[in-house]
Amino acid sequence: METSDLQALAVFPIVVLVGSGVAAAGSQGGGEVGGIPVFALAVAVAFVIQWLAFIPAFLLQDEGFYDLTGSLTYISVTILAVALSPEVDGRSILLLALVVVWAGRLGTYLFRRIRRAGKDERFDRIKPSFVRFLSAWTLQGLWVSLTLAAALAAVTTTVREELAVVTFLGVLVWATGF
20 METSDLQALA
30 VFPIVVLVGS
40 GVAAAGSQGG
50 GEVGGIPVFA
60 LAVAVAFVIQ
70 WLAFIPAFLL
80 QDEGFYDLTG
90 SLTYISVTIL
100 AVALSPEVDG
110 RSILLLALVV
120 VWAGRLGTYL
130 FRRIRRAGKD
140 ERFDRIKPSF
150 VRFLSAWTLQ
160 GLWVSLTLAA
170 ALAAVTTTVR
180 EELAVVTFLG
190 VLVWATGF
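Sequence positions in the sequence shown follow this note's numbering and run 20 to 197.
Set out below in structure tokens:
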């Protein structure tokens, strides 16, 4: 086994462990379904989606759907969190809409860019290696979980707040960055 494969193999459990830590920390004060925190379930689903998408990607040696899968994971996980939260309020719906618009835009852009280029050169050296390619997909699960954590915490919390001035300031910041 090559050194890079061994490194990827060593990183894999660390990434999953960090994801588990994010799931545990983000679940504090959040809603549950069947005794399972919705936040933790959302993080788990983010990883599972990546691992399921990895299977055909590795078998076909095709990275073309990597970025699109990431975007669809953002959308799917947020929809799941809203659907499973014990209470849905305006803030949850607003966050869902912002995530769907942002992830849809980003995913479409990245997917089209890769299709025009014919391939994503970032993956040329790692695609043939099961553990390195799987690590890339696993890291994407962590990336989605970390970057979506604030929205997931707000959506899954059991403490509900009315939309306020700070909400609209947040939307303004989001729109500026969009």
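Glycine included, every Cβ here is placed at the ideal spot set by N, Cα and C. In this text the structure is predicted, and so the values were computed from the model without any measurement.
Give the DSSP-derived three-state secondary structure of residue i in the structure shown.
i    : result
L147 : This sequence places Pro at residue 147; Leu is not what is there. P147 falls in the coil class under three-state DSSP.
G49  : strand
P56  : strand
T177 : coil
A183 : coil
D24  : helix
F66  : helix
E106 : coil
Just confirm the distance between the C-beta atoms of residue i and residue j, as a whole number of angstroms; I'd bet it's less than 8 Å.
i    : j    : result
L171 : A61  : 5 Å
V67  : V163 : Their Cβ separation, rounded to whole angstroms, is 11 Å, which puts V67 and V163 out of contact at 8 Å.
G38  : G160 : 7 Å
Could you tell me the boundaries of the alpha helix (DSSP H) in which residue i lies?
i    : result
T88  : 85–103
V118 : 109–136
So, is residue i buried or exposed, given that buried needs 16 or more other C-beta atoms within 10 angstroms?
i    : result
A116 : exposed
A43  : exposed
P56  : buried
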